[in-house]
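K.L.:
Sharing a structure with you now.
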Amino acid sequence: MDPPLGGSFTDTGTDLAAYYKGLGVVELLQDVRYSLLAVFCLFLYEWIANMDDEVKLIHYSRWSSVKVAYMLCRYYPLLYWPVVLWAYNFNHTPILCRDVLHAIHAFLAPYHRQIDIPKHFLGQTVMFMRAYAFSGRSRTVLAILSLAYGFLIGSDIYLFFANIPVPDMSSISLFVPSEDTGCFPDYSTGVMGERLGVAMLASFLLDFFSLAVVVIYCIKRHTGQIPLAVYFLKQGLVAFALICGTNVVAVIIYFQSHSAFSDVGLPFILATSNIIACRLILSLRKRVIVTESQMSRDHSRLVHEAFAFISNSPADKDEWIIHDPAITVTAFANSSAIQITPRNMQSA
């Protein structure tokens, strides 16, 4: 947008610097609105793309803490994000914004780390529970993780509930025909930048402690040789790297001299941990839950291998030769063993 002629600034009492400042704010608001809409599309895509696995592995399973965590991670953003879009992407009067801003902002908290106050807590809770269970429910581990989790909750409460500043929209009066605009909190203040940095740091520490517990107990108990443990470590390391990467970037951004333009990436930072947590739960359950088709294939393969062994044994070549009366073929499938002896062959 080109600035108006110099005479208009003199007539309105507006200088060129104020004009470009207001123009920047308007462009920022549009970018934030696009980012919020993009995040909601990402939530919908993840939900639809994983629907088959979710129905098989989650909805048909019994209720447990992991299932509750998954349901919160998956469906809290799907239900709450339309409210965010209504508040931020539509224009509202200043009076309405003052009434709803604090509530809208407060319900973003669970996004920040999953699962407890509504959203950011959800992903962290999944890592918390996995690490605690992996340690054999050690009280020491529970105490350490509880302290880290308490620090996370406290930082999120301070970030999302305490003294949420409302931005002054007077700087965009030249570009917005009225005072109506979205109900945005003002993240450009130094205090809000520090709050965001502390909250992201708390998320990083809880992720670090959770994964450290898993690695230490794998080494201590030699469970790292178990396929499921190896798989969990690989998945956990990838999830940890992705979540920590977003948190480190957020800490750098918000602990530095804060710019209002950094708010464009905040919705993606809040959404990443929930999406990764849902993926981690589905991948682990897919690894340990055997479907009917997999079980059928395993049983079929087991029978073929057993008969192939007996058909190649010396007893089939010379029935007069006396062998061990109990020729046993043992194979494991789903923690069960099948034994085949000459007596069984005769009865068949």
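Counting from 1, position 163 in the sequence shown corresponds to residue 163 in full-length UniProt numbering; the numbering is continuous, with no gaps. For each residue, glycine too, the CB sits at the ideal point set by N, CA and C. As the structure is a prediction and not an experimental result, all values here were calculated from the model.
Does the Cβ of R195 have 16 or more other Cβ atoms within 10 Å, making it buried, or fewer, making it exposed?
P.N.:
With 16 or more other Cβ atoms within 10 Å, it is buried.
K.L.:
Roughly how many angstroms lie between the CA atoms of L36 and A271, to the nearest whole one?
P.N.:
Approximately 10 Å, taken between the alpha carbons.
K.L.:
Does the Cβ-Cβ distance between C183 and L85 come in under 8 Å?
P.N.:
Cβ atoms of C183 and L85: not closer than 8 Å.
K.L.:
Using DSSP bridges, identify the partner residues of T181.
P.N.:
T181 is bridged to H92.
K.L.:
I need the DSSP call for N163, collapsed to helix, strand or coil.
P.N.:
Here N163 sits in coil by DSSP.
K.L.:
Taking only three categories from DSSP, how would you classify F204?
P.N.:
The answer is helix: DSSP assigns F204 an H, G or I state.
K.L.:
Comparing alpha-carbon positions, which option in S64, L108, Y75 lies nearest W47?
P.N.:
Among S64, L108, Y75, the Cα nearest to that of W47 belongs to Y75.
K.L.:
Between the region 49-69 and the region 155-162, can you find at least three pairs of beta-carbon atoms closer than 8 Å?
P.N.:
Output reads no: the region 49-69 does not touch the region 155-162.
K.L.:
Taking the CB atoms as reference points, tell me whether A148 and F90 lie closer together than 8 Å.
P.N.:
The answer is no: Cβ separation not under 8 Å.
K.L.:
Whole angstroms are fine: how far does the CA of T181 sit from the CA of Q30?
P.N.:
One C-alpha to the other measures close to 11 Å.
K.L.:
Do you know whose CA, among I216, L280, L152, lies nearest S203's CA?
P.N.:
Minimum Cα distance to S203 is reached at L152.
K.L.:
Which residues in the same chain have their Cβ closer than 6 Å to the Cβ of residue 357, if we skip the five residues on either side of it in sequence?
P.N.:
Missing from the structure shown is residue 357; the chain here goes from 1 to 348 and no further.
K.L.:
Would you kindly work out how many angstroms separate the C-alpha atoms of R137 and L57, rounded to a whole number?
P.N.:
One C-alpha to the other measures close to 24 Å.
K.L.:
Contact check, L282 vs N50 under 8 Å by CB: the rounded distance?
P.N.:
Correct: roughly 6 Å between the Cβ atoms.
K.L.:
Does DSSP put L42 in a helix, in a strand, or in coil?
P.N.:
L42: helix per DSSP, three-state reduction.
K.L.:
Would the beta-carbon of S135 fall within 8 Å of that of V215?
P.N.:
Cβ distance not < 8 Å, so S135 and V215 don't count as in contact.
K.L.:
Contact defined as beta carbons within less than 8 Å: I believe C278 pairs with Y70. What is the distance between those atoms, to the nearest angstrom?
P.N.:
Sure, about 6 Å apart at Cβ, within 8 Å.
K.L.:
Are residue 351 and D53 touching if we call contact CB-CB under 8 Å?
P.N.:
In the structure as shown, the chain begins at 1 and stops at 348. Residue 351 is therefore absent and cannot be evaluated.
K.L.:
I need the straight-line Cα distance from V83 to T93, nearest angstrom please.
P.N.:
Approximately 16 Å, taken between the alpha carbons.
K.L.:
Kindly indicate which three-state DSSP category L108 falls into: helix, strand or coil?
P.N.:
Three-state result, L108: coil.
K.L.:
Less than 7 Å between C-beta atoms, sequence neighbours within five positions excluded: which residues of the same chain meet that for F40?
P.N.:
Contacts found: W81, L85.
K.L.:
Once DSSP output is grouped into helix, strand and coil, what is the label at K274?
P.N.:
In the sequence as displayed, the identity of residue 274 is Asn instead of Lys. The answer is helix: DSSP assigns N274 an H, G or I state.
K.L.:
Would you mind working out which of F268, N163, S273 sits nearest A38, comparing C-alpha positions?
P.N.:
Comparing Cα positions, the closest option is F268.
K.L.:
With distance defined between alpha-carbon atoms, name the residue in P185, V249, I144, V238 nearest to L201.
P.N.:
Cα-wise, what sits closest to L201 is V249.
K.L.:
Whole angstroms are fine: how far does the CA of Y34 sit from the CA of M192?
P.N.:
When rounded, the distance between both Cα atoms is 22 Å.
K.L.:
Can the beta-carbon of F43 be found closer than 8 Å to that of L78?
P.N.:
Taking 8 Å as the Cβ cut-off, F43 and L78 qualify as a contacting pair.
K.L.:
Run the CB neighbour count on Y45, radius 10 Å, all protein chains shown included, and call it buried at 16 or more, exposed below.
P.N.:
Burial call: exposed.
K.L.:
Do Y88 and V32 count as a contact pair if the criterion is CB distance below 8 Å?
P.N.:
Against a cut-off of 8 Å, the Cβ pair of Y88 and V32 comes out as a contact.
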